[in-house]
Amino acid sequence: MTMTANATDFYHSERRRRAIHGWLLLTPTLVMLTAFAFYPSIATVWTSLFSRGTRRNPSEFVGLENYARLFEDPTFREVALNNILYAAVTIPISIAIALVMALWANSKIPARGFVRSAYFTPTVLPMIAAANLWLFFYTPGFGVLDQILSLFGAPSVNWLGQPGTALWAVCAVTVWKESGFFMIFYLAALQTIPEDLREAAEIEGASRWTYTRRVVLPLLMPTTLFVLVNALINSVKLIDHLFILTKGGPSNSTKLILYYIWESAFAFFDAPAAAAMTVIVLIVLGAVAALQFRLLDRRIHYQ
Amino acid sequence: MQGAPFVALRNVTRQWHGRGGVADVSLEVGKGDFVSILGPSGCGKSTLLRIIAGLETPQSGTVHISGRDETHVQASRRGLSMVFQSYALFPHLTVRENVLFGMRVRRAPAREREAKLAEATAMLGLEGLERRKPSQLSGGQRQRVALARAVVSGHPLCLMDEPLSNLDAKLRHSVRRDIKALQRRLGLTVIYVTHDQTEAMSLSDTIVLMREGRVEQIGSPQALYAAPETIFAAEFVGEPPMAMVDGAALGAPDTWVGIRPEHLSVATEGKADLIGLVREVEYLGAETHIVVDHDAARGLIVSATGHADWRPGQTIELTLPAKHRVLFDADTGRNKKDPQQNCGASHRQTEPRDSHTAHHPQSVTD
């Protein structure tokens with residue numbers, strides 16, 4: 002009897018010891034995540050439910066009023082449409098360019114190392130620096146683009162200064178910046194495809210194109226999904242260049258949602274509106290990412 | 070090999086910066102033959118196969134397949150199939166799609182595809198696995214799928230690059246038999262690369278032994294076993310390989326004397342050719358290998374039938390029957406084929422009783 006009691010005692014204390022051990026191991030991550038992810042998210046949701054406090058009217062609970070106000074705000078609608086267009090343009094184009102560049106940089110070409118690092122350079126540059134570079138490209142009159150175009154007698158264009166072209170100009174910078182980054186993922190994935198498969202396909206009579214379409218692209222699908230989710234997040238997250246290039250102008254034509262959130266919070270000091278927008282963005286991003294995983298996961302082959 | 074050879078290589082060279090690869094290799098393979106290219110790793114045997122396949126282009130020399138010069142023809146147009154060591158199955162495709170990949174590419178009609186698929190899966194025991202992905206198959210099954218892919222292609226020439234090397238010993242045996250059965254049944258011409266001499270011996274009609282990019286010896290398994298042309302061939306073929314004794318110890322200076330383990334025997338009183346020390350005794354059931362140390366010999370292993378009662382450290386006296394000795398020139402490492410020389414050597418080193426039968430070291434009978 003004592004033996005059994007002792008054994009159970011021992012078992013319980015051992016369990017306790019292991020539980021404490023486990024929690025100790027979790028603590029650093031838990032502290033970091035709580036401080037920088039969980040608490041801010043909850044605080045944001047909380048803030049979005051209160052009115053904006055002024056000296057005369059202290060902030061009070063207003064429920065979903067901030068959200069209702071947002072949907073009536075024409076600027077928010079414009080900004081959301083801008084962002085959807087921005088995502089719809091930059092995501093497919095940068096992924097397509099990344100894939101083509103990776104396929105090319107993975108084949109046997111001279112100066113392969115140089116080509117690869119050249120493609121990767123935009124990723125290494127800070128977005129602010131890159132934006133300054135592009136600002137110089139776009140500058141009317143003496144910018145690189147204008148100088149090249151003037152060689153063909155074209156009139157000077159203020160790419161960033163007119164609502165019709167500004168968003169496209171911003172998209173170009175993003176594509177340029179992102180495709181090199183995505184290329185690295187594709188390049189890494191391509192290098193895990195054994196050479197034997199290409200040779201087997203070749204002996205079976207498959208052309209290069211057939212091999213690419215029927216073997217390489219399907220095997221790259223896990224990477225594509227990963228890149229797609231990243232590109233989606235970046236299409237909301239990556240707005241550094243707006244601060245240099247356009248500041249959202251002219252007349253809100255290049256204003257993206259995160260920039261608008263920043264503006265609301267730190268230029269107009271309307272924290273509840275900013276919080277409400279943040280919550281909407283989080284929900285939309287989460288939903289789209291979940292949808293992508295759900296839809297694509299079934300069709301993807303993982304090694 | 071009667072008539073024109075089915076596959077013929079003439080003076081083929083492919084090297085990288087003057088090293089590796091193959092140098093000046095000529096080779097003829099008859100239709101329906103099973104030819105193994107055997108050699109240690111890095112001897113150029115895979116390069117040779119890849120040249121035949123068209124995955125590698127020779128710097129000089131020509132490749133003829135069924136009479137046509139195919140030296141610069143693309144792999145896909147050579148009418149051959151290939152089985153890889155890594156199986157090279159498409160991991161995202163099912164067994165069925167893998168086997169039919171080539172036919173889909175060639176746009177073969179659906180009815181023909183189905184018929185061929187059924188035939189190939191039945192032949193290789195893959196029925197019921199058609200919908201599996203390669204990752205859901207065992208190694209042996211994967212290699213069978215690769216074989217099925219080769220079968221379905223219908224090409225008369227099949228190249229195999231170490232197809233059994235990734236399989237464990239047991240599977241290796243069963244897939245080996247499958248390969249042989251398939252080759253016989255379909256009348257395939259198979260060129261088979263391996264570093265495993267047992268595979269080469271058991272499968273082939275002809276073995277091409279390679280060393281450092283060159284052909285060391287071409288011959289039937291029996292010829293390679295009984296009459297190796299060089300010391301290298303003698304020591305590469307056979308399990309355990311031929312033992313080499315410095316001729317000086319046997320009264321034949323400037324010669325290496327080779328002898329197969331099964332021909333070494335323990336001497337009766339006072340008639341020993343060599344006196345060595347037992348280092349290791351390996352009991353294998355049907356036979357026992359006695360590993361013997363001797364200063365003038367390497368790889369000295371006596372293969373005794375059944376159980377042999379020897380202990381490490383014991384002194385052992387060995388006889389090397391003269392008729393089973395293979396003599397090699399110590400300078401060139403080549404077989405001394407001149408029977409005159411052999412007889413002379415025999416005279417000096419063996420007792421009279423044996424001297425009359427002591428010749429023909431390169432005889433094919435074993």
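These protein sequence lines are chains Z and X, in that order. Everything in the first sequence is counted per our numbering, starting at 2 for the first residue and increasing by one. Everything in the second sequence is counted per our numbering, starting at 70 for the first residue and increasing by one. The beta-carbon is built from N, C-alpha and C at its ideal position, and this holds for glycine as well. Remember, predicted model here, so these are calculated numbers, not experimental data.
(1) Nearest to G99 of chain X by CA position, among X:V262, X:G148, X:T258, X:H161, is which residue?
(2) Using DSSP with H/G/I as helix, E/B as strand and the rest coil, what is C227 of chain X?
(3) Does the Cβ-Cβ distance between A189 of chain X and V152 of chain X come in under 8 Å?
(4) Could you give the C-beta distance for L188 of chain Z and A106 of chain Z, rounded to a whole number, given that I count them as a contact under 8 Å?
(5) Please report how far the alpha carbon of L186 of chain X lies from the alpha carbon of E199 of chain X, in whole angstroms.
(6) Do you know offhand how far L240 of chain X's Cα is from A366 of chain X's?
(7) Going by DSSP, what residue range makes up the beta strand (DSSP E) through G181 of chain Z?
(8) Buried or exposed, going by whether 16 or more other CB atoms sit within 10 Å of the CB of I284 of chain Z?
(9) Using a Cβ-Cβ cut-off of 6 Å (strictly less than) and excluding sequence neighbours within five positions of D10 of chain Z, which residues of its own chain qualify?
(10) Flag G171 of chain X as yes if its beta-carbon sits less than 8 Å from any beta-carbon of chain Z, otherwise no.
(11) Anything in the stretch 111 to 131 of chain X with a Cβ closer than 7 Å to a Cβ of chain Z? List those residues in chain order, please.
(12) Residues of the stretch 207 to 220 of chain Z with a CB closer than 7 Å to any CB of chain X: list them in chain order, please.
(13) Compare the C-alpha of F301 of chain X against each of X:W85, X:G108, X:L162, X:E97 and name the closest.
(14) Do the stretch 379 to 390 of chain X and the stretch 343 to 358 of chain X make contact, defined as three or more Cβ pairs closer than 8 Å?
(15) Does at least one heavy atom of the ligand ADP sit under 7 Å from the Cβ of P127 of chain Z?
(16) Considering Cα atoms alone, identify which of Z:L71, Z:P111, Z:I262, Z:A38 is closest to K238 of chain Z.
(17) Mind checking whether R83 of chain X and G90 of chain X have CB atoms under 8 Å apart?
(18) Ignore the nearest five residues each way along the sequence and tell me which others in P164 of chain Z's own chain have a CB closer than 8 Å to its CB.
(19) Take every Cβ of the stretch 94 to 104 of chain Z, pair it with every Cβ of the stretch 220 to 236 of chain Z, and state whether three or more of those distances are shorter than 8 Å.
(20) May I ask you to report which of helix, strand or coil DSSP gives D265 of chain X?
(21) If you check the beta carbons only, do L236 of chain X and Q212 of chain X fall under 8 Å apart?
(22) Please classify T263 of chain X: is it buried, with 16 or more other beta-carbons within 10 angstroms of its beta-carbon, or exposed?
(23) With respect to the alpha helix (DSSP H) encompassing M222 of chain Z, which residues constitute its N-terminal and C-terminal limits?
(24) Tell whether a beta-carbon distance below 8 Å holds between V164 of chain X and V81 of chain X.
(25) First and last residue of the beta strand (DSSP E) that includes N80 of chain X?
(26) Looking at the unbroken beta strand (DSSP E) that takes in I359 of chain X, where does it start and where does it end?
(27) Using Cβ-Cβ distances below 7 Å, what residues of the stretch 159 to 185 of chain X are close to chain Z?
(28) For F153 of chain X, return the contacting residues in chain Z, with the cut-off set at a CB-CB distance below 8 Å.
(29) Does A391 of chain X have its Cβ less than 8 Å from a Cβ in chain Z?
(30) Quick one: using the 10 Å Cβ neighbour count with 16 as the cut-off for buried, is G113 of chain X buried or exposed?
(31) Spatial neighbours of I258 of chain Z within its chain, please: C-beta separation below 7 Å, excluding the five flanking residues on both sides.
(32) Taking G148 of chain X and L226 of chain X to be in contact with their CB atoms under 8 Å, please state how far apart those CB atoms are, rounded to whole angstroms.
(33) For V76 of chain X and G136 of chain X, what's the separation of their Cα atoms in angstroms?
(34) Check Y156 of chain X in the structure and name its three-state DSSP category.
(35) How big is the Cα-Cα spacing for T193 of chain Z and P203 of chain X?
The answer reads as follows:
(1) Position 30 of the second sequence, counting from 1, holds the residue named residue 99 of chain X. The candidate whose alpha carbon is nearest that of G99 of chain X is X:T258.
(2) For the purposes of this step, residue 227 of chain X is taken as the residue at position 158 of the second sequence. Strand.
(3) To locate residue 189 of chain X, count along the second sequence from 1; it is residue 120. To locate residue 152 of chain X, count along the second sequence from 1; it is residue 83. Contact: no.
(4) For the purposes of this step, residue 188 of chain Z is taken as the residue at position 187 of the first sequence. For the purposes of this step, residue 106 of chain Z is taken as the residue at position 105 of the first sequence. Indeed, because the Cβ distance is near 6 Å, the residues count as touching under 8 Å.
(5) For the purposes of this step, residue 186 of chain X is identified with residue 117 of the second sequence, where counting begins at 1. For the purposes of this step, residue 199 of chain X is identified with residue 130 of the second sequence, where counting begins at 1. Taking the straight line from one Cα to the other gives about 9 Å.
(6) Locating residue 240 of chain X in the second sequence gives position 171, counting from the first residue. Locating residue 366 of chain X in the second sequence gives position 297, counting from the first residue. Taking the straight line from one Cα to the other gives about 36 Å.
(7) Numbered from its first residue, the first sequence carries residue 181 of chain Z at position 180. Not the beta strand (DSSP E): G181 of chain Z falls in the alpha helix (DSSP H), residues 164 to 192.
(8) Numbered from 1 along the first sequence, position 283 holds the residue referred to as residue 284 of chain Z. The residue in question, I284 of chain Z, is exposed, as its Cβ has fewer than 16 Cβ neighbours within 10 Å.
(9) Position 9 of the first sequence holds residue 10 of chain Z. Correct list: empty, nothing qualifies.
(10) By one-based count along the second sequence, residue 171 of chain X stands at place 102. Yes, G171 of chain X counts as interfacial toward chain Z.
(11) A122, L124
(12) A207, T211, V216, P219, L220
(13) Translated into positions along the second sequence, residue 301 of chain X becomes position 232. Here the closest residue by C-alpha is X:G108.
(14) yes
(15) No copy of the ligand ADP occurs in the structure displayed, which carries no ligand at all.
(16) Counted from its first residue, the first sequence places residue 238 of chain Z at position 237. Ranking Z:L71, Z:P111, Z:I262, Z:A38 by Cα distance to K238 of chain Z puts Z:I262 first.
(17) Numbered from 1 along the second sequence, position 14 holds the residue referred to as residue 83 of chain X. Numbered from 1 along the second sequence, position 21 holds the residue referred to as residue 90 of chain X. Their beta carbons are under 8 Å apart, which means R83 of chain X touches G90 of chain X by this criterion.
(18) Start at 1 with the first residue of the first sequence, and residue 164 of chain Z comes out as number 163. Cβ neighbours of P164 of chain Z beyond the five flanking positions: P251, S252, S254.
(19) yes
(20) Position 196 of the second sequence, counted from the start, is the residue given in the question as residue 265 of chain X. Coil at D265 of chain X, not helix or strand.
(21) Sequence index remark: in the second sequence, residue 236 of chain X carries index 167 (1-based). Sequence index remark: in the second sequence, residue 212 of chain X carries index 143 (1-based). The answer is yes: Cβ separation under 8 Å.
(22) Numbered from 1 along the second sequence, position 194 holds the residue referred to as residue 263 of chain X. Classification of T263 of chain X: buried, given that the 10 Å Cβ count is 16 or more.
(23) Indexing the first sequence from 1 puts residue 222 of chain Z at position 221. Its alpha helix (DSSP H) spans residues 218 to 238.
(24) If you number the second sequence from 1, residue 164 of chain X lands on position 95. If you number the second sequence from 1, residue 81 of chain X lands on position 12. Result no, Cβ atoms of V164 of chain X and V81 of chain X do not sit closer than 8 Å.
(25) Residue mapping note: residue 80 of chain X aligns to position 11 of the second sequence, counting from 1. Element bounds for N80 of chain X: 76 to 85.
(26) Numbered from 1 along the second sequence, position 290 holds the residue referred to as residue 359 of chain X. Residues 356 to 362.
(27) F159, P160, H161, F170, G171, V174, R175
(28) For the purposes of this step, residue 153 of chain X is taken as residue 84 along the second sequence, with counting starting at 1. The contacting residues are D197, E200, A201.
(29) Residue mapping note: residue 391 of chain X aligns to position 322 of the second sequence, counting from 1. For A391 of chain X, the answer is no, since every Cβ of chain Z falls outside 8 Å of its Cβ.
(30) For the purposes of this step, residue 113 of chain X is taken as residue 44 along the second sequence, with counting starting at 1. By the 10 Å Cβ count, G113 of chain X comes out buried.
(31) Position 257 of the first sequence, counted from the start, is the residue given in the question as residue 258 of chain Z. Excluding sequence neighbours, I258 of chain Z sits near V80, A81, N84, V237, M278, V282.
(32) As a working note, residue 148 of chain X is residue 79 in the second sequence. As a working note, residue 226 of chain X is residue 157 in the second sequence. Indeed, because the Cβ distance is near 7 Å, the residues count as touching under 8 Å.
(33) Taking the first residue of the second sequence as position 1, residue 76 of chain X is located at position 7. Taking the first residue of the second sequence as position 1, residue 136 of chain X is located at position 67. Computed Cα separation, rounded: 8 Å.
(34) By 1-based counting over the second sequence, the position of residue 156 of chain X is 87. Looking at Y156 of chain X - three-state DSSP - the assignment turns out to be coil, as it is neither helix nor strand.
(35) Against the first sequence, residue 193 of chain Z aligns to sequence position 192. Against the second sequence, residue 203 of chain X aligns to sequence position 134. If I take the Cα positions, the gap works out to 17 Å.
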